[in-house]
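These notes are about the structure you will find just below.
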Amino acid sequence: MKRILLQCLLMAVLVANHTVVTADQASDTQKMLNDQVLAKPFSVEDEAKLNSYIEEATKRGTPPKSQPSKYWRQGYTCNDLRRYSWNDYRDCSYYHHYYGYYWPY
Numbered sequence: 213m214k215r216i217l218l219q220c221l222l223m224a225v226l227v228a229n230h231t232v233v234t235a236d237q238a239s240d241t242q243k244m245l246n247d248q249v250l251a252k253p254f255s256v257e258d259e260a261k262l263n264s265y266i267e268e269a270t271k272r273g274t275p276p277k278s279q280p281s282k283y284w285r286q287g288y289t290c291n292d293l294r295r296y297s298w299n300d301y302r303d304c305s306y307y308h309h310y311y312g313y314y315w316p317y
């Protein structure tokens with residue numbers, strides 16, 4: 213009986229230790245991800261390119277792509293696509309400008 217109790221106690225200590233390490237790792241991972249996001253500055257140049265693209269496509273009367281990006285998810289806006297692809301962000305923004313609403317899901 214003592215042996216089983218000792219094994220259970222040892223197992224509890226090991227699980228508690230693992231949980232602390234996992235929480236520390238999660239904190240470090242979150243910090244790393246935050247640093248990566250903040251390392252990418254907002255680019256006014258990109259917004260100027262986007263506005264220029266939308267203006268030119270509108271002048272030409274070119275309809276936007278009707279097929280949503282493969283990354284498009286329910287609840288997304290065009291800004292959510294920036295992390296995946298500039299072209300997807302641009303196409304979504306033009307679609308939203310052209311129709312006044314986002315791609316269907």
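Under this note's numbering, the sequence shown is numbered contiguously, ending at residue 317. No residue lacks a Cβ here, since even glycine has one placed at the ideal position from N, Cα and C.
Item, Value
"Short of 7 Å in beta carbon distance, which residues of its chain neighbour P280, apart from the five on each side in sequence? Order them along the chain.", "W315"
"Just to confirm before moving on: does the CB-CB distance between L262 and S305 stay below 8 Å?", "yes"
"Can you give, in chain order, each stretch of the alpha helix (DSSP H) that sits fully within the segment 270-314 and has at least 4 residues?", "290-293, 298-311"
"Alpha carbon to alpha carbon, how far is M244 from R215?", "43 Å"
"My guess is that Y265 and R302 are in contact by the Cβ rule of under 8 Å, so how many angstroms apart are they, rounded?", "6 Å"
"Between A260 and E268, what straight-line distance do the alpha-carbon atoms span, to the nearest angstrom?", "12 Å"
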